[in-house]
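In the numbering used here, the protein residues as written are 4 to 341. Glycine included, C-beta positions come from ideal geometry on N, C-alpha and C.
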């Protein structure tokens with residue numbers, strides 16, 4: 004999955020998510036109504052815990068891609084509203100489960116659900132949201148949509164397990180890292196975008212084009228997330244700074260710093276990733292090494308390449324508000340600082 008860097012086209016101003024938000028606002032209002040309705044339960048803890056995360060902020064990028072893709076395809080119906088809600092439920096369920104697995108205590112600047120409500124309740128509410136997602140898919144009635152989203156759910160789980168087995172393994176390669184993020188993050192971006200073409204009854208080629216857009220955007224998005232964790236100039240991302248470092252996750256800034264480092268630096272990384280050197284002072288030293296070898300910038304450059312691939316994937320669709328907004332969203336994904 005590695006490839007030569009292709010620079011994005013220069014812009015007169017900083018890219019923004021505003022055109023995407025404006026494009027999808029009416030559709031996202033309908034999606035939010037579905038989410039609010041379907042997260043309800045006679046068991047009070049379920050909507051309370053689910054709402055803790057769902058109402059806690061976030062860009063809602065994945066359901067937004069379903070809405071934007073439908074706009075790009077000229078779809079006039081309403082099927083995509085429930086499907087976009089299903090996408091968000093899948094995403095939220097994986098976040099709840101991830102926070103338990105990682106032992107996280109912060110997400111989007113707030114205490115995680117597992118800290119507030121405990122691990123058992125958090126896992127079970129995640130299961131509830133997965134179930135709600137599949138109910139919404141079945142209600143849609145399309146076996147093709149069901150196949151795309153169910154397959155994405157399986158791939159996400161595989162990616163998370165692969166990341167778990169790569170954790171604290173200093174020899175993790177860049178190719179394996181890209182495979183992991185392609186599964187755990189990009190698979191849902193790809194599926195969320197492709198199903199828009201399915202409900203719009205577009206051709207297989209157009210489905211694949213939207214899928215390629217989503218997958219490349221998802222990879223770019225995750226690369227930037229991983230860069231931000233070590234970017235001393237970036238705004239707070241809402242998760243604990245240095246979480247990836249303390250968890251021994253082999254993200255690209257570390258993979259590149261280890262590859263470019265001398266013998267002494269490599270010994271530090273070996274101890275740090277193994278969990279023997281993870282104090283605040285060790286984190287500061289890790290950031291220093293990453294800055295020395297400029298691996299945050301290198302990670303962002305790779306993200307720019309994948310963002311350009313996303314933009315190129317939708318070049319065959321008619322020019323207009325939707326295509327412009329989706330292209331700028333890809334540019335925004337790599338320029339963001341949070």
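Taking just the CA atoms, how far does residue j sit from residue i?
i	j	result
residue 112	residue 57	14 Å
residue 322	residue 295	43 Å
residue 62	residue 266	41 Å
residue 29	residue 256	38 Å
residue 253	residue 75	36 Å
residue 324	residue 149	29 Å
residue 109	residue 205	41 Å
residue 222	residue 47	37 Å
residue 337	residue 189	15 Å
residue 141	residue 153	11 Å
residue 71	residue 37	17 Å
residue 78	residue 230	36 Å
residue 269	residue 261	6 Å
residue 303	residue 124	37 Å
residue 233	residue 272	14 Å
residue 20	residue 27	11 Å
residue 335	residue 18	5 Å
residue 82	residue 185	27 Å
residue 107	residue 299	23 Å
residue 173	residue 292	16 Å
residue 157	residue 264	37 Å
residue 308	residue 213	17 Å
residue 207	residue 155	18 Å
residue 31	residue 145	21 Å
residue 39	residue 297	44 Å
residue 80	residue 35	17 Å
For residue i, which residues of its own chain have a beta-carbon under 8 Å away from its beta-carbon, when the five flanking residues on both sides are left out?
i	result
residue 41	88, 92, 135, 138, 139
residue 151	194, 197, 198, 201
residue 215	193, 312, 313, 316
residue 210	197, 200, 201
residue 25	328
residue 3	Within the shown structure, residues of the chain are numbered from 4 to 341, placing residue 3 beyond reach of any answer.
residue 16	none
residue 240	Residue confidence for residue 240 is low, a pLDDT of 48 falling below 50, so the modelled location carries little weight and cannot support an answer.
Considering Cα atoms alone, identify which of the options is closest to residue i.
i	options	result
residue 259	166, 290, 280, 191	290
residue 133	20, 80, 98	98
residue 310	220, 272, 155	220
residue 227	306, 82, 319	306
residue 147	86, 179, 339	86
residue 114	39, 35, 178, 52	52
With a CB to CB cut of under 6 Å and the five nearest residues on each side skipped, what residues in its chain are close to residue i?
i	result
residue 301	259
residue 126	103
residue 131	49
residue 65	90, 94, 191, 195
residue 280	274
residue 330	314
residue 225	184, 188
residue 245	286
Following the continuous alpha helix (DSSP H) through residue i, name the residue where it begins and the one where it ends.
i	result
residue 17	Segment: none, residue 17 is in no alpha helix (DSSP H) and carries neither H nor E.
residue 46	Run containing residue 46: none; DSSP gives neither H nor E here.
residue 142	122-143
residue 219	207-231
residue 66	64-75
residue 261	255-263
residue 79	First-last for residue 79: undefined, no H or E at that position.
residue 187	177-187
residue 252	Note, residue 252: premise wrong, no alpha helix (DSSP H); not H, not E.
residue 173	Here residue 173 belongs to no alpha helix (DSSP H), and DSSP marks it neither H nor E.
residue 313	298-316
residue 330	324-338
residue 111	Looking at the DSSP string, residue 111 is not in any alpha helix (DSSP H), and its letter there is neither H nor E.
residue 204	No alpha helix (DSSP H) contains residue 204, which DSSP labels as neither H nor E.
residue 279	Neither: residue 279 is in no alpha helix (DSSP H) and is coded neither H nor E.
Excluding the 5 residues preceding and the 5 following residue i in the sequence, name in chain order all residues of the same chain whose CB lies nearer than 7 Å to its CB.
i	result
residue 55	116, 119
residue 278	171, 251
residue 68	192, 195, 196, 217
residue 247	229, 232, 254
residue 326	75, 317, 320
residue 187	159, 162, 163, 166
residue 179	169
Assuming residue i and residue j make a contact with CB atoms under 8 Å, what is their CB distance in whole Å?
i	j	result
residue 105	residue 250	6 Å
residue 33	residue 94	Wrong, their Cβ atoms sit about 18 Å apart, outside the cutoff.
residue 129	residue 96	4 Å
residue 275	residue 283	Not really, about 12 Å apart at Cβ, beyond 8 Å.
residue 183	residue 169	6 Å
residue 73	residue 203	6 Å
residue 23	residue 287	No, residue 23 and residue 287 are not in contact; Cβ-Cβ is about 36 Å, not under 8 Å.
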